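Worksheet: the structure to be examined is printed underneath.
Residue numbers (the working numbering): 90 to 432.
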């Protein structure tokens, strides 16, 4: 046999040995890889024995395992809650995907509640509840949490739709009925906002409530500065745009008001009070037709807006419109109603 043939045979043998070694390694690595069922059973046993650290060590091995990711995350979060560690509980819940499952709903609601009631972070709480609402738009627990959060952050208009959904589910809660009756001039639970401000003062929703409180104290310059900063980073925060518009209307500054108008998105323009502010602006400038249009748009979005109803009625009366008296009569009824039940 020639030396070349011998070298060929030797190379073939070495290649075979290498392939065999790799194959054996892969085979035994599969055998040595822990069985997910066994790991979860050990974690559950450790949890029952109150060996929480041992349980979490086992569970952490399963957080990237598709077959056991969700139960491991839910049990890990339960342990973290038991240990009064809300941040760790949320980290576990993040491993539960938004797949429309009941576990996903539970994870999002619990994360939102931990942010809302323990960590005092309003925007992060809202994000969790909205994630849940995408898959479960009519879930009563999600709706109740959003109702509370919207009311707490001076956004009563946004709360209306979720509160009406709750009533449609026959959840006749006297508190919800009362809140629906309140005007958005009334803050809900304003005494609580200091807790959130102490923890996360730069949270956009905290900034919104602080601006509203400044307006209630007639600190308009401070409120305008705060709101201008807020809408520069959160232009889609409708209530912030409404409050800023109200201040600019009061300041009577053409340039600033037009800048504000041009910045409004279609989403923000769905808020009825945006149209009411614009209607008052045009009315002050004697532009009756534009004012009528704006007040009518406000009433389309909120038929109980007594300001828009009254102003529209007066403008229609001046123009000789035969519907003016009916609208003004309706406005009087609204105002009597507000005097009875709104604060």
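For every residue, glycine included, the Cβ atom is placed at its ideal position computed from N, Cα and C.
Since this is a predicted model, take the numbers as computed values, not measurements.
Got a sec? Which residues, its chain only, sit under 8 angstroms from residue 331 by beta carbon, not counting five neighbours each side?
A distance below 8 angstroms between beta-carbons, with the five flanking residues on each side excluded, links residue 331 to the following residues of its chain, in chain order: 360, 362, 363, 366.
Please classify residue 340: is it buried, with 16 or more other beta-carbons within 10 angstroms of its beta-carbon, or exposed?
exposed
Which same chain residues end up closer than 6 angstroms to residue 119 when comparing Cβ atoms and leaving out the 5 residues on each side of it in sequence?
Residue confidence for residue 119 is low, a pLDDT of 44 falling below 50, so the modelled location carries little weight; the figure read from the coordinates is stated next. Cβ within range, chain order: n/a, list empty.
Using DSSP with H/G/I as helix, E/B as strand and the rest coil, what is residue 397?
In the three-state scheme derived from DSSP, where H, G and I count as helix and E and B as strand, residue 397 is classed as helix.
Count the other CB atoms within 10 Å of the CB of residue 292; is the residue buried (16 or more) or exposed (fewer)?
Burial call: buried.
On the premise that residue 227 lies in contact with residue 254, defined as a C-beta separation below 8 angstroms, what is that separation, rounded to the nearest angstrom?
6 angstroms
Comparing C-alpha positions only, which one of 124, 123, 147 sits nearest to residue 134?
147
Are the beta-carbon atoms belonging to residue 285 and residue 372 less than 9 angstroms from one another?
Taking 9 angstroms as the Cβ cut-off, residue 285 and residue 372 do not qualify as a contacting pair.
Between residue 325 and the rest of its own chain, which residues show a CB-CB distance below 7 angstroms, the 5 nearest in sequence each way excluded?
354, 356, 357
Do residue 208 and residue 288 come within 9 angstroms of each other at the CB atom, strictly closer than that value?
yes
Quick check on DSSP: helix, strand or coil for residue 149?
helix
For the alpha helix (DSSP H) that residue 136 lies in, which residues bound it at each end?
125-137
If distances are taken between C-alpha atoms only, which option among 221, 283, 334, 189 comes closest to residue 320?
Answer by Cα proximity: 334.
Can you give the Cα-Cα distance for residue 173 and residue 225, rounded to whole angstroms?
The straight-line gap from Cα to Cα measures roughly 28 angstroms.
Taking residue 395 and residue 420 to be in contact with their CB atoms under 8 angstroms, please state how far apart those CB atoms are, rounded to whole angstroms.
Residue 395 to residue 420, Cβ: 6 angstroms. Contact.
Determine the direct distance from the alpha carbon of residue 169 to that of residue 184, and round the result to whole angstroms.
Taking the straight line joining both Cα atoms gives about 14 angstroms.
Scan the stretch 324-370 and note each continuous alpha helix (DSSP H) run of 4 residues or more that stays entirely inside, going in chain order.
327-340, 343-352
Residue 405 and residue 397: beta carbons closer than 9 angstroms?
no
Quick one: using the 10 Å Cβ neighbour count with 16 as the cut-off for buried, is residue 281 buried or exposed?
exposed
Can you give me the Cβ contacts of residue 303 inside the same chain, cut-off strictly under 6 angstroms, excluding the 5 residues immediately before and after it?
311, 312
Taking the alpha-carbon of residue 150 as reference, which of 171, 163, 125 has the nearest alpha-carbon?
125
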